[in-house]
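J.: For the sequence shown, this note's numbering gives the first residue as 839, with consecutive numbering after it.
Glycine is no exception: its CB is placed at the ideal position from the N, C-alpha and C atoms.
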Amino acid sequence: MSEALDILQAFPAHTHADWLEAVDKQLKGKPFDKVLVKKTYEGIDIQPMYFQHDLDKLDFVNTLPGQLPYVRGTSASASVVNPWEIAQEITDSDPEEFNAAALNDLGRGQNALNVIFDNATCKGINPDKAAAEDVGKGGLSIATMADFEKAFKDIDFTAIPMQLHCGFSGVGMTALLAAHLKKQGTNPQKLTGCIAVDPLSYLAVQGSLPLPLSQAYDEMAQVTHWGLANAPELQTIAVHVDPYQRSGGNAVQEVAYAMATAVEYVRAMQERGLTIDEIAPRIMFAFSIGADFFMEIAKFRATRMVWCQIVESFGGNEESRKMRIHARTSTWNKTHVDPWVNMLRVSTEAFSGVAGGVDSMHVSPFDEIFRQPNEFSRRIARNVHIVLRDEGHFDKVVDPAGGCWYVETITGEIAKKAWEQFQEIEKQGGMFTFLNAGTPQQQVAEIAAQRAKNIAIRKDRFVGTNMYPNLLEKPESTDELDAFAFQADRVEQVIQYEGQADQAARDAALAQVAASKKNVTADTVEKAIAAASAGATLGDLFQALRGETTTTETVTPLNIHRGPEPFEQLRRATEAYTAQTGATPKLFLANMGPIPQHKARADFSTAFFNVGAFETIGNDGFGSVDEAAEATLDSGAKAVVICSTDTDYPEVVQPLVSKIKSAQPGTLIILAGYPQDHIESFKEAGVDEFLHIRSNALELLGKVQKHLGVTA
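1) Using the DSSP secondary-structure output, state which residues sit across from C1481 in a beta bridge.
2) Kindly indicate which three-state DSSP category E1057 falls into: helix, strand or coil?
3) By the three-class DSSP mapping on this structure, what secondary structure does C960 have?
4) Alpha carbon to alpha carbon, what distance is there between T1375 and A981?
5) Under a Cβ-count criterion, where at least 16 other Cβ atoms within 10 Å of its own Cβ denotes burial, should Q1514 be classed as buried or exposed?
6) Is the beta carbon of A1451 closer than 7 Å to that of V1479?
7) With distance defined between alpha-carbon atoms, name the residue in K1365, A1372, A1323, Q1325 nearest to R1344.
8) In chain order, what residues of the same chain have a beta carbon less than 7 Å from the beta carbon of A1535, not counting five sequence neighbours either side?
9) Can you give me the start and stop residues for the alpha helix (DSSP H) that Q1341 sits inside?
10) For the candidate residues A997, W1170, P907, whose alpha-carbon lies nearest to that of E1150?
11) Is there contact between the region 1093 to 1110 and the region 1410 to 1418, where contact requires at least three CB pairs shorter than 8 Å?
12) In angstroms, rounded to a whole number, what distance separates the CA positions of P1278 and F1272?
13) Comparing C-alpha positions only, which one of V1061, A1069, P1037 sits nearest to A1054?
14) Between the beta-carbon of G1079 and the beta-carbon of A1256, is there less than 7 Å?
15) Quick one: measure Cβ to Cβ for H1436 and S1496, integer angstroms, because I've assumed they're closer than 8 Å.
16) Can you tell me the Cβ-Cβ gap for M1133 and I1248, rounded? I've got them flagged as a contact below 8 Å.
17) Pick out the complete alpha helix (DSSP H) segments inside the region 1139 to 1225, 4 residues or longer, and give them in chain order.
18) Measure the CB-CB distance between R1227 and P921 and report whether it falls below 7 Å.
19) Express the C-alpha separation of A939 and M983 in angstroms, rounding to a whole number.
20) Can you give me the C-alpha to C-alpha distance between S1046 and P1423, rounded to a whole angstrom?
21) For A1287, tell me which candidate among G1087, D862, K863 has the shortest Cα-Cα distance.
22) Could you please give the first and the last residue of the uninterrupted beta strand (DSSP E) stretch that includes H1003?
23) Who are the near neighbours of P1313 in its chain, counting only those whose CB is closer than 7 Å to its CB and skipping five residues on each side?
24) Can you tell me whether DSSP reads G1456 as helix, strand or coil?
25) Which residues share a DSSP beta bridge with E923?
26) Bridge partners of F1123, per DSSP?
27) Put N900 into one of helix, strand or coil per three-state DSSP.
28) For P1050, which of Y1082, F1006, R1183, V1061 has the nearest alpha-carbon?
29) Look up F889 in the DSSP assignment and say whether it is helix, strand or coil.
30) Classify Q1022: buried if its beta carbon has 16 or more other beta carbons within 10 angstroms, exposed otherwise.
31) Exposed or buried, which one is V1077 when buried takes at least 16 other CB atoms within 10 Å?
32) Who are the near neighbours of M839 in its chain, counting only those whose CB is closer than 8 Å to its CB and skipping five residues on each side?
33) According to the neighbour-count rule (16 or more other Cβ atoms, all chains shown, within 10 Å of its Cβ), is E1187 buried or exposed?
34) Going by the DSSP bridge assignment, what does N952 pair with across the sheet?
35) Here's a check: name, in chain order, each residue in its chain whose Cβ is nearer than 6 Å to the Cβ of A1567, leaving out the five neighbours to either side.
36) Between the region 1025 to 1034 and the region 1322 to 1334, do three or more beta carbon pairs fall short of 8 Å?
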């Protein structure tokens, strides 16, 4: 019988220097940093391997979950005792339809209510005074107590956490909520969740705020004072940084802007009589979860650490330094083309959110970006949570990424870079000044431009859209809301409600609201609650709070968009042309030589042009230039792709191009490959474009579309 294996003797330890020496030999003189180190959009160098010594300068790695600076979570038990809330957004516009969807989903696994309101509701404008395109757009339309009661019928606000995303002011919605609870005889003391008020985010997205920022802060303070007195577990301030991610921004920018926005709110609330220990616990941070799996995990861990340091600097106690994070999977990388892939995208993003320790999360239905999600798509999205929790058992693991040399290292780098950027914002006067100067908009646009370039050359890939398209896919329908019909229906409901109210009592209650609007106390909200109970509409409450205010704040809005959009537009244009003409635009593959000689480039070319919904006419290859030229001309195609090897091109390209262009001068000739030694001579011979792995696909496909008459 052989002796027991001695691991240390059989596999002696090697130093980091030994590893680097072995790598250098394999690289054969190529620079390590350029070949093996990946630069992220955050400006972080991702090493091919990480080592224990990478953690030497990271003090936080020795902390435990629930310990300062909370990088590993704000609770020692974390999700083991309190798993993340399944807070799916419900965005049905009609109150009754909203209620049906909410009750359905809350009975099938969802355990938090997450309400997105339409543009008119967020602006505090009743449907009869709003633009038609604002009524029902983006979420639930609420104007009256009757609307509120229909929307939330049979929903117990004290039994589940809630998020009401109110835009720049929460006084009106708080009044409707509290009046609703009062009518039911329910005590608001048990409320949990957030009346999500975030004027700076609203300003950054919309480009304008219909009141002075100081007044928005007054109303934020009024709701916060009311919450402290009546609903101590309810958060009343939100910091939505997901619009920056949806505009193409990176993780460092998200964290820095989140901190700068929160600090601006802290200072504004302190000026209005609140302490740091009253303010900080009432802030909810809302992030998007991007596609970079480990970067997103590190982002949430770093955010908690930076926020802990900021609250400490304000003198906040340990409890106040804890951060509450709500996250939603990103819309930036979701596609309308081959939308089923979105199910896979949200699964990995949700995994990042859970591993990063978010407190609540929305997983996007696969069709969220192009229509109102239906019961099926909502169910599939909701089940991502349930699979991660009940089958993946991630509710049994505290900080699963903790101790990973890679994640710990980039957590530290994000925190460091975000802190530096946050300090720069502070030097320039804070987040509002920063927004007013257009600086974050420009910074995000610069990252978005880098992303766009990499998407165009397909370095960044969207499966099914700019890579691996499915031409047999049938486009999913987009159910457009009939804005004018919906508005007319909502106007009728509001008019009917107003007609039933005691006008004298309502007007008297609204006068009380107007008289108290400058009092930055809970009293203003109490009077608004009384007015709502007397029949005041949301629009009435906003008018009483604002009077005839015409002052607005304006900034350059963020450019919220999706990365895949240019490729989607390109493909839809070709599909529309095919539907109109009955003929799919075609390119002929002039395959030279036997199959092994041309197949790789022919397959690459076919897949490339399929991205633009073009068809390629293939063949088994031609033995001579004459055969290839004759077949090309007989095909009737106005564009041809020559496919062979770099070795054979010098013999076939010039005569083949000459024959084709002599007979049909307008033919677009593309050469598959990029033989550097012959580029200029091939161009002189008549080659118009070169197709290779580094090609700008968006640009080349656009040229082909134009040449084939698909676009003007």
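T.: The short version:
1) N1429
2) helix
3) helix
4) 6 Å
5) exposed
6) no
7) A1372
8) A1294, I1295, R1296, N1304, F1446, V1449
9) 1341 to 1354
10) P907
11) no
12) 7 Å
13) P1037
14) According to the sequence as given, residue 1079 is Val; it is not Gly. No. Outside cutoff.
15) Actually they do not touch by this definition, with Cβ atoms about 20 Å apart.
16) 6 Å
17) 1179 to 1194, 1213 to 1224
18) yes
19) 20 Å
20) 45 Å
21) G1087
22) 1000 to 1005
23) none
24) coil
25) S1198
26) V1077, I1163
27) helix
28) F1006
29) coil
30) exposed
31) buried
32) For M839, the pLDDT reaches just 48, beneath the cut-off of 50, and the residue's location in the model is therefore unreliable, although a value from the coordinates is still provided. Correct list: empty, nothing qualifies.
33) buried
34) E927, Q1001
35) A question about residue 1567 goes unanswered here, because the residues of the chain that appear run from 839 up to 1550.
36) no
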